[in-house]
Amino acid sequence: MISFTTVNDLSAYIREIKPTKTIGFVPTMGALHLGHISLIEESKKHCDISICSIFVNPTQFNNASDLENYPRLIENDMKLLLENGCDVLFHPSVEQMYPNGLQKNEEDYGQVLKVFEGLHRPGHFDGVLTVVARLFDIVKPHKSFFGQKDYQQCIVVAELIKRKFPEIELHVCPILRENSGLAMSSRNLRLNDIEKSDALLINQALQYIKSGFGQKDLALLIEEAKQIINESKLLSIEYLDVANAINLEPIKNSNTKAIVLAAVHCGPVRLIDNILLN
Ligand code: AMP
Numbered sequence: 020m021i022s023f024t025t026v027n028d029l030s031a032y033i034r035e036i037k038p039t040k041t042i043g044f045v046p047t048m049g050a051l052h053l054g055h056i057s058l059i060e061e062s063k064k065h066c067d068i069s070i071c072s073i074f075v076n077p078t079q080f081n082n083a084s085d086l087e088n089y090p091r092l093i094e095n096d097m098k099l100l101l102e103n104g105c106d107v108l109f110h111p112s113v114e115q116m117y118p119n120g121l122q123k124n125e126e127d128y129g130q131v132l133k134v135f136e137g138l139h140r141p142g143h144f145d146g147v148l149t150v151v152a153r154l155f156d157i158v159k160p161h162k163s164f165f166g167q168k169d170y171q172q173c174i175v176v177a178e179l180i181k182r183k184f185p186e187i188e189l190h191v192c193p194i195l196r197e198n199s200g201l202a203m204s205s206r207n208l209r210l211n212d213i214e215k216s217d218a219l220l221i222n223q224a225l226q227y228i229k230s231g232f233g234q235k236d237l238a239l240l241i242e243e244a245k246q247i248i249n250e251s252k253l254l255s256i257e258y259l260d261v262a263n264a265i266n267l268e269p270i271k272n273s274n275t276k277a278i279v280l281a282a283v284h285c286g287p288v289r290l291i292d293n294i295l296l297n
């Protein structure tokens, strides 16, 4: 695996390979787990060269302590990438990514930035849009691989690609879960055993909605799902709701392609999860 930390060095490499190789790109914030590795595997299936970036992007954190406590495990990550056949790692500094200071996207991306994560983490997607655009500009991939785990992020990135990078193909990959059903996340590293066990209720609540969707009254179903989570004193729901899976607007009926999305605080950590319903 070749490792780059500067934009100049990576750009020189990209200029050399791009004419003859297809480039697959997996952007991450590190503390890698099998969910991230599944994206690399997907990239390897579809592309000649797979590039993973590890960059904890300051502009997408709306909470200073979350940024500070975000796990950083670069030695471990490099080992995992090497073992799993990643070709290139890009691990830049903040200065390399933001040479002109920490500014973020100011373009209007419409309603999708104002609901769910956009509503609860003000400015988060403007940070995501900025860093993904910068990374796309540097890496110039043919295909990019993102996880359904961050479902709303996939919608936002699809819009970014449509507006500014129509040459890049977007692949949305399924959520990898622990055997227990807990969605894999770098933030799970911060959970103790009791928190981790109570966090299972999140997926159970989402599964409960999936099993009753289209059969039971939706408002009642959502209420009952919230009760499942509220059984634990360690969990506190930020949102749990069903939406149109294309645009995240409220659904009109159970024929609409729908998704249930949740953000739940578990002890010190904020977890998100989702399931497509039909
Ligand atoms: P992150 O490092 O959290 O920014 O995630 C980097 C990429 O990995 C994003 O596209 C995530 O959606 C994806 N990802 C994170 N967790 C999982 C998971 N459990 N299964 C599949 N993809 C994931």
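So the sequence shown is residues 20 to 297, counted in my numbering. Ideal placement from N, C-alpha and C gives every residue a C-beta, glycine not left out. In this text, all values refer to a predicted model and were calculated from it rather than measured experimentally.
| Asked | Found |
| --- | --- |
| Beta-carbon separation of residue 293 and residue 170 under 8 Å? | yes |
| Alpha carbon to alpha carbon, what distance is there between residue 161 and residue 37? | 9 Å |
| How many angstroms separate the CA atom of residue 71 from the CA atom of residue 59? | 7 Å |
| Report the three-state DSSP secondary structure of residue 264 (helix, strand or coil). | coil |
| In this structure, how does DSSP classify residue 134 when only helix, strand and coil are distinguished? | coil |
| Examine the ligand AMP and report whether any of its heavy atoms sits within less than 7 Å of the Cβ of residue 97. | no |
| At which residue ranges does the stretch 223-269 contain complete alpha helix (DSSP H) runs of 4 or more residues, listed in the order of the chain? | 237-249 |
| Would residue 303 be called buried (16 or more neighbouring beta carbons within 10 Å of its own) or exposed? | What is shown of the chain runs 20 to 297, which leaves residue 303 out entirely. |
| Considering only heavy atoms of the ligand AMP, does any lie closer than 7 Å to the CB of residue 281? | no |
| For residue 275 and residue 229, I'd like the C-alpha separation in whole angstroms. | 14 Å |
| If we count the other Cβ atoms within 10 Å of its Cβ and call it buried at 16 or more, is residue 55 buried or exposed? | buried |
| How about residue 149 and residue 181: are their beta carbons less than 8 Å apart? | no |
| Is the Cβ-Cβ distance between residue 195 and residue 165 less than 8 Å? | no |
| Is residue 194 a contact residue of the ligand AMP, with contact defined as CB to any heavy atom under 7 Å? | yes |
| Kindly give me the distance between the Cβ atoms of residue 144 and residue 107, rounded to whole angstroms, as I take these residues to be in contact under 8 Å. | Not quite, the Cβ-Cβ distance comes to about 27 Å (not below 8 Å), so this is no contact. |
| Classify residue 118 as buried or exposed, calling it buried when 16 or more other Cβ atoms lie within 10 Å of its own Cβ. | exposed |
| Return the CA-CA distance between residue 298 and residue 250, expressed in angstroms with no decimal places. | Missing from the structure shown is residue 298; the chain here goes from 20 to 297 and no further. |
| Verify whether the separation of the beta carbon atoms of residue 25 and residue 115 is less than 8 Å. | yes |
| From which residue to which residue does the alpha helix (DSSP H) around residue 54 run? | 53-65 |
| Give me the Cα-Cα distance between residue 103 and residue 193, rounded to the nearest whole angstrom. | 18 Å |
| Using only CA atoms, which one of 22, 212, 241 lies nearest to residue 226? | 241 |
| To the nearest angstrom, report how far apart residue 86 and residue 288 are at their CA atoms. | 12 Å |
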